[in-house]
Structure formats: structure tokens, C-alpha cells
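Peer 1: After the C-alpha cells below, expect a handful of questions from me.
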Amino acid sequence: MLKLDNVTKVYRTGAFGGGSTTAVGGVSFEVGPGEVVSLIGESGSGKSTLGRMILGLTPVTSGSITWNGTAVRPAKSYYREVQGVFQDPFSTFNPVFKADRVFRMIKEVYFPEVPPAEWAERVRASLADVRLNPAQILGKFPHQLSGGQLQRLLIARALLLDIKLLVADEITSMLDASTRIDVLNLLAELKGRGLGVLYITHDLSLGTYLAERTIVLRRGTVAEMGPTETVFTGP
Ligand code: ADP
Ligand code: ADP
4 MLKLDNVTKV YRTGAFGGGS TTAVGGVSFE VGPGEVVSLI GESGSGKSTL GRMILGLTPV
64 TSGSITWNGT AVRPAKSYYR EVQGVFQDPF STFNPVFKAD RVFRMIKEVY FPEVPPAEWA
124 ERVRASLADV RLNPAQILGK FPHQLSGGQL QRLLIARALL LDIKLLVADE ITSMLDASTR
184 IDVLNLLAEL KGRGLGVLYI THDLSLGTYL AERTIVLRRG TVAEMGPTET VFTGP
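Here the sequence shown stands for residues 4 to 238, numbered as in this note's numbering.
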């Protein structure tokens with residue numbers, strides 16, 4: 004379970020300790036096993052800062068973020084269970100390397116002992132999970148693939164790790180409408196298989212599609228939180 008307790012992030016801005024921005028101010032919530040929660044807020048409300056802190060990529064100023072009771076940190080043991088996918092899939096890939104290099108890096112870091120033939124089979128299975136045809140993907144450079152294919156590739160990479168929670172930060176905002184539906188359908192299918200998802204978006208309609216629970220962020224604080232249908236219909 005992911006647990007945020009009174010999490011605050013203050014960015015120091017300007018020279019000589021001049022100014023500061025409270026991007027996140029005292030946020031607490033939990034995401035239970037297999038739960039799909041959407042985190043919704045306007046631009047600048049602190050969503051990405053929260054997403055990065057949850058993934059251990061930005062330190063919290065105060066408060067705590069724990070995964071199954073342990074403070075999150077950017078470590079293999081954590082990324083085995085919790086993975087992030089972000090808005091711009093192209094920025095995740097180095098354009099000079101073929102896209103399947105993302106799998107090779109996962110193998111080197113996490114599964115050096117798995118024999119090559121078995122690894123190839125696992126990659127094939129995870130591509131099938133996201134409905135990508137290996138023959139159309141492996142061996143291609145990232146610019147030869149679409150944004151939707153790359154997002155699905157990044158989800159496939161996460162699935163190789165047997166993750167328990169996917170932190171999806173605006174993952175469909177750069178996709179065209181039909182690809183967006185494909186990716187949302189994929190998340191719905193993964194949810195059916197027990198994957199937890201924290202779905203971060205500025206788009207109300209996308210958030211409600213998947214999540215049983217919704218958290219509305221406003222200027223770095225939780226403005227509303229509850230079952231998705233009550234958050235949107237009010238008291
Ligand atoms: P959102 O993802 O909801 O658009 P962000 O987390 O990106 O919100 O930003 C929240 C606030 O923190 C904004 O006021 C933004 O300008 C500020 N902010 C974000 N990142 C930084 C940073 N690295 N340094 C200073 N201020 C930042
Ligand atoms: P530990 O302390 O558990 O051994 P490390 O901090 O040494 O973990 O290892 C971090 C490793 O995780 C790095 O080698 C890096 O390649 C890998 N890593 C970092 N970010 C990600 C990510 N988003 N997905 C998968 N692996 C990652």
C-alpha cells in the first residue's frame with residue numbers, strides 16, 4: 004500500500020534563498036492494493052511534483068511517503084513494485100538506440116540470471132499484454148513508432164517487473180483520441196488483473212473513466228476526495 008502522510012514540497016526559487024513556492028502543502032492519502040485512484044487538478048496544482056515524489060525522484064520537504072511501511076526511495080527494490088509512466092514517451096527513449104533497448108536495460112539491472120531465450124519469451128509475453136506485435140516493434144527506432152506504441156511499450160516494460168502500482172502521469176495527453184481510448188482500455192484490463200493505478204490527469208473525463216476513488220488537488224492541497232461518483236455530483 005502507498006501511504007502519503009502530510010506531504011509538503013517547497014521549492015526554493017530565486018537567488019540567495021529569496022523566494023519559495025509551496026507546490027504541495029500537507030497532502031495525505033492512500034492507494035490500497037489493486038486500487039485505481041485518480042488524482043485530478045488544474046495545471047500548476049502540484050500533480051507532477053506529487054508523482055515525482057511518490058516515485059522517489061524528488062525529495063519531500065516534510066511529511067512521509069511509504070510503500071508497505073518503508074519510506075520510498077529510488078532503488079531497485081522499490082522500482083520492482085512501483086513504476087512510473089509519464090506524459091512524453093519520446094523523452095524516455097534515446098533516439099540513437101532501438102526502442103527494445105529499454106527491455107535490455109531492465110534485464111541487466113533486474114534479471115541478469117535469466118537465460119536469453121527465456122528473457123525473449125518474457126518480453127514477447129509482456130508485449131502481448133499491451134497488444135503490441137513484437138515484429139512491428141522490436142528493432143525499430145523510437146521515431147519509427149507512434150506515441151501510443153511507445154506508451155504501451157513503457158507499460159510493457161513495467162509489466163516485466165511484476166509491478167503492484169503504476170503511477171501514470173498524464174500518459175494520454177500527447178496521444179490522439181483513438182490511441183487515448185486504446186491506452187485507457189489497456190489500463191482497465193490491467194486493473195481487472197489486480198494492478199493498482201494512480202492515474203494523474205488534468206482531464207476530469209479521463210480520470211473518472213477508470214477510478215473508483217478520486218482525489219482533487221487544488222493549489223497543492225486536497226480539495227476533495229472520495230468515491231468518484233460523489234466527488235463529481237457533490238453532496
Ligand atoms: P502540475 O503537475 O499540477 O501542473 P506541478 O507539480 O508541475 O503542477 O507544479 C506545482 C507548482 O510548483 C507550480 O507553481 C510550479 O510552477 C511549481 N514548480 C514545479 N516544479 C518546480 C521546480 N522544479 N522549481 C520551482 N518550482 C516548481
Ligand atoms: P538498490 O539500492 O535497491 O540496490 P539502486 O538504487 O542501487 O537499488 O538501483 C537503482 C537502479 O534502478 C538503477 O540501476 C537504475 O537503472 C534502476 N532504475 C532507476 N529508475 C528506474 C525506473 N524508472 N525503472 C526501472 N529501473 C529503474
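The beta carbon of each residue, even a glycine, is placed where N, CA and C say it ideally should be.
Quick one, what's near ligand 1 if you take every residue whose CB is closer than 6 Å to any heavy atom, in chain order?
Peer 2: Y14, T16, T24, A26, G44, S46, G47, S48, G49, K50, S51 and T52
Peer 1: Taking the straight line between their C-alpha atoms, what separation do you get for E45 and G223?
Peer 2: If I take the Cα positions, the gap works out to 10 Å.
Peer 1: Identify every run of the alpha helix (DSSP H) within the region 102 to 145, keeping only runs that are complete inside it and at least 4 residues long; order them along the chain.
Peer 2: 104 to 113, 119 to 132 and 137 to 140
Peer 1: Name the two residues that bound the continuous beta strand (DSSP E) containing P92.
Peer 2: It is not in any beta strand (DSSP E) - P92 instead sits in the alpha helix (DSSP H) that spans P92 to T95.
Peer 1: For my contact list, G49 and L220 are in at a C-beta cut-off of 8 Å; report their separation, rounded to the angstrom.
Peer 2: Taking C-beta atoms under 8 Å as the contact rule, G49 and L220 qualify, at a distance of about 6 Å.
Peer 1: Beta carbon of K167, beta carbon of P77: below 8 Å?
Peer 2: no
Peer 1: Label F144 either buried or exposed according to how many other C-beta atoms from any shown protein chain fall within 10 Å of its C-beta, with 16 as the threshold for buried.
Peer 2: Exposed, by the Cβ-count rule.
Peer 1: So, for G87: in the same chain, excluding its five sequence neighbours on each side, which residues have a beta-carbon less than 7 Å away from its beta-carbon?
Peer 2: G54, L58, V170 and D172
Peer 1: Just the C-alpha distance for R183 and E121, rounded to the nearest angstrom, thanks.
Peer 2: 32 Å
Peer 1: With DSSP as the reference, label A226 as helix, strand or coil.
Peer 2: strand
Peer 1: For the alpha helix (DSSP H) that contains T182, what are its first and last residues?
Peer 2: A180 to G195
Peer 1: DSSP beta-bridge partners for R221?
Peer 2: Answer by DSSP bridge pairing, in chain order: T224.
Peer 1: Leaving out the 5 sequence neighbours to the left and right, which residues in its chain are closer than 6 Å to N9 when beta-carbon positions are compared?
Peer 2: G29, S31 and G66
Peer 1: Beta carbon of V39, beta carbon of A226: below 8 Å?
Peer 2: It is not a contact, given that the beta carbons lie outside the stated cut-off.
Peer 1: Strictly by DSSP, which residues pair up with A161?
Peer 2: DSSP, once it has assigned bridges, lists no residue as partnering A161.
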